[in-house]
Amino acid sequence: MLFFKGNPKEKIQTLQSVLDKKEQVLNQLRHSLDDSLGYLSLAAEGQDDSLDRIIDELRIQMQGNDGAISPELVAQLENSANSMADLRRHRAERQLQGFSDGIAQLLLLNPPFDIRKQLAAFVRDSRQGINNPSQQELLPIKFSQLQGLVLSKLGNGDKDPSDSTVSESPDPAIVEVVEGILA
């Protein structure tokens, strides 16, 4: 608390000045929090319904007349944000399982050895990079490229087109596996 001698009007003016500065800082913090909530909601939108609901409620409270924020709501936001890491890890594990299943189906097509090596490298790299968000975004693209490579090699068959033993219709087992991959 400020204690000083002098004129009561000066005291009031000084206290008012301090109060105005603190209110300005509070308004800046509220504005910053509102911006942060906006960015958070963009990043987390659709990831978790409870987090979306909490962010919406916080935004409504901040735009209210007094701008007071419920401490319980802040605690709920913290808990929900902490559970996002578990949610991301679970989704990454499911994505990794999907890639493993896709690779297993591609291997059933018996691709050439050099492509099998690329498939094995993809599995190894995906296990190492699955928890890195920037790497995780690239994995479906890499998988799609490998899938295209396998299918194009099998489509070409690396066989001599003049060979009369080459069948014009694809092997039904291969068609079934390809349909399973594309499903």
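Numbering-wise (our numbering), the sequence shown opens with residue 934 and increments by one. All residues carry an ideal CB built from backbone N, CA and C; glycine is no exception.
- Its chain contains Arg1049, Leu1052 as the residues whose beta carbon lies nearer than 8 Å to that of Leu1040, once the 5 sequence neighbours on both sides are disregarded; these appear in chain order.
- Judged by beta-carbon spacing, Ser1013 lies within the 9 Å limit of Leu984, meaning their Cβ atoms are closer than that value.
- Counting only runs that start and end inside the region 983 to 1025, there is no alpha helix (DSSP H) element of at least 4 residues.
- Ranked by Cα distance from Gln1028, the options Gly997, Glu956, Phe1076 are led by Phe1076.
- The C-beta separation of Arg963 from Met995 comes to about 6 Å, placing the pair in contact by the 8 Å criterion.
- Arg992 places its beta carbon less than 9 Å from that of Leu970.
- With fewer than 16 other beta carbons inside 10 angstroms of its own, Ile1074 counts as exposed.
- Scanning Asn1064, Val1007, Ile1036 for the CA closest to the CA of Asp1019 turns up Asn1064.
- The straight-line gap separating the alpha-carbon atoms of Arg1060 and Ala1001 is approximately 45 Å.
- Cβ neighbours of Leu1006 within its own chain (closer than 8 Å, five residues either side excluded): Ile987, Glu990, Leu991, Gln994.
- Secondary structure at Leu1042: coil, using DSSP grouped into helix, strand and coil.
- Closest by C-alpha distance to Asn1043, out of Asp1034, Pro1066, Glu1011, Lys1086, is Lys1086.
- In this structure, DSSP gives Gly1062 a helical state, which the three-state scheme calls helix.
- When Asn960, Gln949, Met1017, Gly997 are compared, the shortest CA-CA separation from Asp982 is found for Met1017.
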